[in-house]
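**Student:** The structure that follows is given in the form of structure tokens.
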Amino acid sequence: MGDTSTDVSPQRMSTRTRNPVNYTELNQGEEAVFRSPMAGTRGRKKRVANDAVADLSSSFGGLGYNNTPPKRGRPKGTPGGGGSVRSRPTTRKAVDDGVAEAEDKGLYGAVKYGKKIPEAIDQWIERYDQNYPHAITELHQFFISICGCKGILTPQMSATMEYADIIRRMTEDFDEDSVDYPLIQSGAVFKKFRLNLHNFLHTLVEKCKSSLMFDNRLMDSIIQLLTGLADSQVRAFRHTSTFVAMKISSALVDVVIDLVSIKERNGKQIETEKAKIKQNSTGNEKLEALMTKKNEIEEKTEEVRQMLQYLFRSVFVHRYRDGVPDIRSICITELGNWMVVYPEHFLEDSYLKYIGWTLYDKVGDVRLKCIRALMPLFGKSGVLDKLELFTNKFKERLVSMVLDKDQEVAIETCHLMKSIYTVFPTLLSVQDCVPVYELIYASNRQLAMAAGIFLNTKVFQTAEKPAKISNPNNVPLIKDLIQFFIEGECHDHATYLVDSLIETNPIVKDWATMVEMLLNDQYKLKPDIETRLIEVLACSVQQVATGECPTGRSIIKRGAPSTKESREQMEDKVRLTEILIPTLPNLIMKYIADRERVVNLVSLAIHFQLDMYLASRMQNNLNELMKALEAVVEKHVDEEVLHGVAEVHYQLSVHPTVGPQTEAERMKLIDGMALQLRRSANRVEEEQIDDEDEANFVCAIRRISAFSSFMDLRQWDMWDLMLRIISNYDRGDSKRDVHEQAILMLFMQLNFDLFNLLKEGESVKADAVKKLRKRRDQLVRILTETLETGASGVEQAYLSMCDLLIMFGPQMAQNAKSNHIKQLVLQPDEIVIRELTAFLQINAFAESENDSKLDQQEQIELMHKKRKLVAQFSKLIIHGCFPVSCLLPLVRNYVSHFTDFGDIFKNLLYKCRDVDFVETAETLVTALQEMFEELLETKKQLDPLSDSFNALRDLAKRFASAFGSDYSKNRYAVATIHKSAIDFAFRDFDTTPKGNDKPPKNLFFLEIAIEFSSKLLAQDKAAVMRYLNKTYPEAAPGKGQWEPYKLYIASLTEKRNDFNDDASSVRSFSTVRSDSSHRSTPRGRGRGRGGIRRNLDF
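Residue numbering for the sequence shown follows the UniProt record's numbering, beginning at 1 and increasing consecutively.
Right, here's the structure in full:
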């Protein structure tokens, strides 16, 4: 800015003083103050606040400033003196340090550290009364400083320059090296900066509202400066000033509310005084004083409203659509607050429309602020009529926002929809409610619960708290719940419905009423309602007893449950036990013919508080339960039903008091099953069976196999019988089922035998170990034969073999307390590895035409089985049962099956990397080489831009990312990859002078190896270059065909600075081994301390 003559400033100042801007000009027109927010004049002229500063030459002389405004940049000399003062030259850093120190001690310091804010404001008010120019400059400097600007504002600049020129000058002094400013900075110092600034602004307005606010100087200067800053192109100015302007507006709203309250009291006093005068005909001095006060209050109220209106039109109207999301959020949040505290003026359609328009904002946080701004409005009963038009106008948008991609927005919108329904019950149609109903089955638990609260509000408002006896009032509501579940057709599992409602809807826990509805025929429930009601009952009992959410909805809670939560869970468990112990046997017997219902009913007994059988003298009910379970075993041969009964028997058997009471019934049941199996087996061996005998034999083996998964059946000695069944049974359709059950029984019995042996500890006997080893070898032989021949039960054989290898794997030797146990360690031979690998390849990775013909549920179940196969094989590598090289068949399918098994593949690579870095690298590069050779066989001429080659390159990129960011730890592994890649690329390379012009056929593999170059340290890149030049010096790259070689060289030389070969440089691939010394990371604490970095001499 150019220089200004000394005689201009006083004249300019006095002219501006004589022509102040009148706020009332904004109100000229037909619209009311708060009803038509339109963009007002932005470039409002600054006016002088007081004639006392008209003679600036004398004032500035006393302050030590020249009368001429300073040129561009900071004033010469010290921050407080003019250029004529002799002083040492001050550096920019020294000035900044001085400013920072002054700021920390002033208003900025009080806000920055949040200490003694009221005291700082009181001191500033005293300075304001004593020396207005200095005080107002200090306040302006504060607003500029909180924007992160280091510019210095002087009283001379504040008094003589337009605000636009001041802001322009401050923009020039802005620190361009930093993108942070206090409002968005992180760290301990600025953690509470927004809160402190909010408190400061509200305290400032509160302390000034009685006098200084209406002196025609303070608020005018603040508003004009903030309006100019909010219109700046500098984000820090715009963001911070918008925050300040909105917070000041909020404080002004509070002032208006106080004035309105005072005005109401004043009006009552006037009415009272008028009544007194009318009765006594006395003087009216007090009435005149009250009338004068009334006029004063009205003037103040009108002036504050004008300030608010000017800020709204000059700041809010332009910034609510700013490009910075947080600026938009600030505007909407404060507007919502104004509507809550001052609805008489702000809760109008002319203001609500800004929130409605912003509902379409592209940023989720801004949409969230809109929803949260609307939420409290629907809770204010006196203003609901003002919301009806807005709600109708934007209803469609609000309904769509329950499906917002931002989960938090969707959750809050569901809560808002509940509030809307409460206020306007007829506004939402059934079609509007459907999206919310569907969210009850959402994977996000908070969203599902919010949708459940909406459903409760709409349907279950009259639900009563459950008790130990049935409640007839809840019967129709339970019917409505089941009908909702049936008609929804959104999900086949009630567990998600129960989880959404269990914390908010009491009827979900009204087990007494549910049981009464099932047992009492007077309710005449339809079969589908009975089935769904039993499912809801089972899911509710399970979740209350275990506290576990359904799969996919689990929430992470820090620490153990609170005392209150534990007490409530125990009370619920006791109540459900008291209700179900007497009724469960009757329920089972009533629905014993229906498989689906029996499965759910039998599962209820698992969650009982079993102590209550004896504590409450319910032994008769226990006996009835045992008889009911025995009837279920006789009636059903379904695997799920039998496993449920077996699990209940197991839970009863391990209980210290209930176990002995049920031992006789359990032994009787298993004796009967074992006897039936032996008789049927004998008839099978004698080959004297018909179809009925075959069916009885299958049923018998299914029943006892289910119990073998939960209980040790060694006293019935079924081992040899199962071996004979596997060897001899060959009856058509039932062969596979029988073999699977027999293999499972052998495997589980071996588990129990091993468990009993390990339990003996060091006292284990050699004979017991020998017997267990014999049985193990027998089972391994059977499983291997089944895998080789693809015989019936091959899937169970695969799973059992994997678990068997892990059980008797290397970890057994590490954890063994006895030398006898170490003899049981099982080393798989090549046949086992080959057969397991082949089975995995065929059943998990091979595509089948039949897969596409399956329905969705069948495809999900099939994928679950495939993932189980891949996971089992992966565990063999992780636990050291298989070498890392067995990773090969998995990584070859890394890209093609990443969608199905990506999480398993990634975790497997990370685990293998920890097991053996180098061997993992060798396996990965081998997989890449094999796939490259297959690519060469299918294509006569390789195109590096083809999809197949890009897929291979993408696979290499994913492998490279699996090595992590610790290059020092990875260097041996990555070096192995590059050595192998170079050798592979130049394999069969003609090194004769006539032949070396032609590139080798595998040269394009170097483009694959480029993906691993970024994982090399600088010195290792140089070592790879030396190896390449030393091993294949004949390589003479020509044109075109040698492009992969050139690209590979470039990947090794880019971003490499000159360096000396030190002890850590890689010199030779000859020492790259997979031994433990090379796999270990540098020892010592910290990076590179306390250890010797290994030499890799290439």
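All C-beta atoms, glycine included, are put in the ideal place defined by N, C-alpha and C.
What residue range is occupied by the uninterrupted alpha helix (DSSP H) comprising Thr227?
**Tutor:** It spans Leu218 to Ala230 - the alpha helix (DSSP H) in which Thr227 sits, taken as one unbroken run.
**Student:** Which residue from Arg328, Arg532, Arg731 and Leu723 puts its Cα closest to that of Gln688?
**Tutor:** Gln688 has its Cα closest to that of Arg731, out of Arg328, Arg532, Arg731 and Leu723.
**Student:** Note the first and the last residue of the continuous alpha helix (DSSP H) segment covering Asn830.
**Tutor:** According to the sequence shown, residue 830 is Glu rather than Asn. Unbroken alpha helix (DSSP H) run through Glu830: Glu830 to Leu840.
**Student:** Near Met213, which residues of its chain fall below 6 angstroms by C-beta distance, leaving aside the five closest residues on each side in sequence?
**Tutor:** Once the five neighbours on either side are set aside, the close Cβ partners of Met213 are Met219.
**Student:** Does Arg666 pass the burial test, meaning 16 or more other C-beta atoms within 10 Å, or should it be called exposed?
**Tutor:** Buried: at least 16 other Cβ atoms inside 10 Å.
**Student:** For Glu647, which option in Arg617, Asp712, Ala695 and Val698 has the closest C-alpha, if you only look at C-alpha atoms?
**Tutor:** Cα-wise, what sits closest to Glu647 is Asp712.
**Student:** When the Cα of Lys465 is compared with those of Pro506, Val459 and His493, which residue comes out closest?
**Tutor:** Of Pro506, Val459 and His493, the residue nearest in Cα terms is Pro506.
**Student:** Once the 5 residues before and after Ile977 are set aside, which same chain residues still bring their CB inside 6 angstroms of it?
**Tutor:** For Ile977, where only same-chain residues beyond five positions count, the Cβ hits under 6 angstroms are Ala921, Val925 and Phe1012.
**Student:** Which residue comes first and which comes last in the alpha helix (DSSP H) that contains Lys268?
**Tutor:** Its alpha helix (DSSP H) spans residues Arg235 to Asn280.
**Student:** Taking Met673 as the reference, which of Tyr1045, Ile704 and Thr203 has the closest Cα?
**Tutor:** The shortest C-alpha separation from Met673 is found at Ile704.
**Student:** Ignoring anything shorter than 4 residues, give me the alpha helix (DSSP H) runs that lie fully in the UniProt domain "SCD" (316-401), in order along the chain.
**Tutor:** The UniProt domain "SCD" (316-401) contains these whole alpha helix (DSSP H) runs: 325-341, 343-346, 349-358, 364-374 and 388-400.
**Student:** Here's a check: name, in chain order, each residue in its chain whose Cβ is nearer than 7 angstroms to the Cβ of Leu640, leaving out the five neighbours to either side.
**Tutor:** Checking the displayed sequence, the identity of residue 640 turns out to be Glu instead of Leu. Correct list, in chain order: Val599.
**Student:** Which same chain residues end up closer than 7 angstroms to residue 1099 when comparing Cβ atoms and leaving out the 5 residues on each side of it in sequence?
**Tutor:** Not covered by the structure: residue 1099. The range shown for the chain is 1 to 1098.
**Student:** For Phe190, which residues in the same chain have their Cβ closer than 6 angstroms to its Cβ, ignoring the five residues on either side in sequence?
**Tutor:** Result list for Phe190: Pro182, in chain order.
**Student:** Assign Trp719 to one of three DSSP states: helix, strand, or coil.
**Tutor:** Trp719: helix per DSSP, three-state reduction.
**Student:** What residue range does the alpha helix (DSSP H) around Arg595 cover?
**Tutor:** Segment Arg595 to Leu604, the alpha helix (DSSP H) holding Arg595.
**Student:** Which two residues bound the contiguous alpha helix (DSSP H) that contains Met673?
**Tutor:** Here the alpha helix (DSSP H) through Met673 covers Val658 to Glu685.
**Student:** Which same chain residues end up closer than 6 angstroms to His879 when comparing Cβ atoms and leaving out the 5 residues on each side of it in sequence?
**Tutor:** Excluding sequence neighbours, His879 sits near Ile806 and Gly809.
**Student:** Label Gly382 either buried or exposed according to how many other C-beta atoms from any shown protein chain fall within 10 Å of its C-beta, with 16 as the threshold for buried.
**Tutor:** Label assigned to Gly382: exposed.
**Student:** Within 10 Å of its beta-carbon, does Lys247 have 16 or more other beta-carbons around it, so buried, or fewer, so exposed?
**Tutor:** By the 10 Å Cβ count, Lys247 comes out buried.
**Student:** Taking DSSP as the reference, what is the three-state secondary structure of Ser743?
**Tutor:** A quick correction: the sequence has Ile, not Ser, at residue 743. Helix at Ile743.
**Student:** Under DSSP, the alpha helix (DSSP H) around Gly644 begins and ends at which residues?
**Tutor:** It spans Glu639 to Val654 - the alpha helix (DSSP H) in which Gly644 sits, taken as one unbroken run.
**Student:** Restricting to Cα atoms, I'd like to know which of Met449, Asp914 and Gln609 is closest to Gln542.
**Tutor:** The shortest C-alpha separation from Gln542 is found at Gln609.
**Student:** Between Ala1050, Arg328 and Ala681, which has its C-alpha nearest Trp357's C-alpha?
**Tutor:** Minimum Cα distance to Trp357 is reached at Arg328.
**Student:** Going by C-alpha distance, which of Lys380, Glu548, Val536 and Lys276 is nearest Arg597?
**Tutor:** The candidate whose alpha carbon is nearest that of Arg597 is Val536.
**Student:** Please state whether the Cβ-Cβ distance between Leu584 and Trp511 is less than 8 angstroms.
**Tutor:** Not a contact, by the Cβ cut-off of 8 angstroms.
**Student:** Run through DSSP, which three-state label would Ile209 get?
**Tutor:** Note that residue 209 is Lys in the sequence shown, not Ile. Residue state, collapsed to three classes: coil.
**Student:** When the Cα atoms are used, what is the spatial distance from Leu352 to Ala164?
**Tutor:** Near 32 angstroms, if we compare the C-alpha coordinates of Ala164 and Leu352.
**Student:** So, does the stretch 907-919 touch the stretch 840-860, judging by three or more C-beta pairs under 8 angstroms?
**Tutor:** In short, these stretches do not touch, since the Cβ pair count stays below three.
**Student:** Is Thr662 buried or exposed, if buried means 16 or more other CB atoms sit within 10 Å of its CB?
**Tutor:** It counts as buried.
**Student:** Under 8 angstroms by Cβ, that's how I've got Met391 and Cys331 pegged, so tell me the actual separation to the nearest angstrom.
**Tutor:** Reading off the sequence shown, one finds Thr at residue 391, where the question assumed Met. Their Cβ separation, rounded to whole angstroms, is 21 angstroms, which puts Thr391 and Cys331 out of contact at 8 angstroms.
**Student:** Would you check if the stretch 120-127 and the stretch 192-199 touch, i.e. whether three or more CB-CB distances between them fall below 8 angstroms?
**Tutor:** Too few Cβ pairs lie closer than 8 angstroms, so no.
**Student:** In this structure, does DSSP put His134 in helix, strand or coil?
**Tutor:** Correct three-state label for His134: helix.
**Student:** Suppose the cutoff is 8 angstroms on Cβ atoms and the five residues either side in sequence are ignored; what does the same chain contact list for Arg953 look like?
**Tutor:** Around Arg953: Glu1007, Ile1008 and Glu1011.
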